[in-house]
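In this note's numbering, the protein residues as written are 600 to 854.
Backbone N, C-alpha and C fix where the C-beta goes; we use that ideal spot for every residue, glycine too.
Quick notes on the structure that follows.
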């Protein structure tokens with residue numbers, strides 16, 4: 600089976616999972632025809648509990664637990680959590696981030712994982728709804744046609760894991776009508792980081808961070824970044840501060 604046929608089968612499986620006529624495990628089965636893997640999982644993001652829930656997967660229990668409860672706090676997560684990028688392949692992760700990542704050092708590396716992809720899934724209206732994680736015990740060739748296929752399948756996979764259909768007005772469902780990236784910046788303001796530090800975490804420029812902050816203050820009618828940070832805490836979207844060892848400290852405010 601060639602890459603195109605395999606991708607079509609994954610899309611069909613995702614559509615069946617979306618309609619409820621098949622389980623999410625069929626999506627991973629179809630995915631194995633697109634790219635051979637040792638472990639994979641599809642998870643749904645629960646914004647109220649602030650954790651992922653596994654819908655289908657083949658990882659060992661300790662890896663599944665990490666993906667569900669700690670992956671969103673991993674230093675690598677801000678790099679892949681963007682609707683503007685495709686999947687983040689293990690070989691493309693900067694070495695300093697891998698060195699600081701408990702997910703890789705404590706969970707994946709002991710499994711012998713050398714390749715794979717983490718794909719954050721966003722609906723067409725920009726809602727983050729979950730993740731596809733795929734791991735192999737061998738490096739994947741570069742370039743690999745499966746890379747493009749996984750990116751193209753992102754929206755179909757997002758529909759499969761999303762809890763129900765998209766809202767009629769996505770902007771109205773986002774706090775203050777902020778964009779997903781503005782919400783990322785707003786949550787970073789609760790940590791007291793500078794624009795340069797936020798830019799490094801989100802992999803954008805300090806100037807772009809400043810522009811986002813200007814838009815946030817204007818949309819929320821707030822006087823300064825301290826007031827914006829307080830609003831983020833009140834909304835429960837503050838971001839845990841990562842300690843030097845890569846673990847999350849106590850949240851900056853109530854959930």
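- Residues of the same chain with a CB within less than 7 Å of the CB of residue 650, apart from the 5 flanking positions on each side, are 667, 668 in chain order.
- By the neighbour-count criterion, in which a residue is buried when 16 or more other Cβ atoms sit within 10 angstroms of its Cβ, residue 618 is exposed.
- For residue 654, there is no enclosing alpha helix (DSSP H); the enclosing beta strand (DSSP E) covers residues 650-656.
- In this structure the stretch 821-837 does not touch the stretch 695-710; the number of beta carbon pairs closer than 8 Å is below three.
- As for any beta strand (DSSP E) of minimum length 3 sitting wholly inside the stretch 693-725, the runs are 714-721, ordered along the chain.
- Scanning its chain for C-beta atoms nearer than 7 Å, with the 5 sequence neighbours on each side dropped, one finds around residue 643 the residues 651, 652, 654, 728, 729, 760, 762, in chain order.
- With at least 16 other beta carbons inside 10 angstroms of its own, residue 701 counts as buried.
- Contact annotation, residue 717 with residue 687: C-beta distance approximately 5 Å; criterion of less than 8 Å satisfied.
- Around the beta carbon of residue 629, 16 or more other beta carbons lie within 10 angstroms, which makes this residue buried.
- It is roughly 43 Å from the alpha-carbon of residue 811 to the alpha-carbon of residue 601.
- One thing to note: residue 836 has its Cβ no nearer than 8 Å to the Cβ of residue 778.
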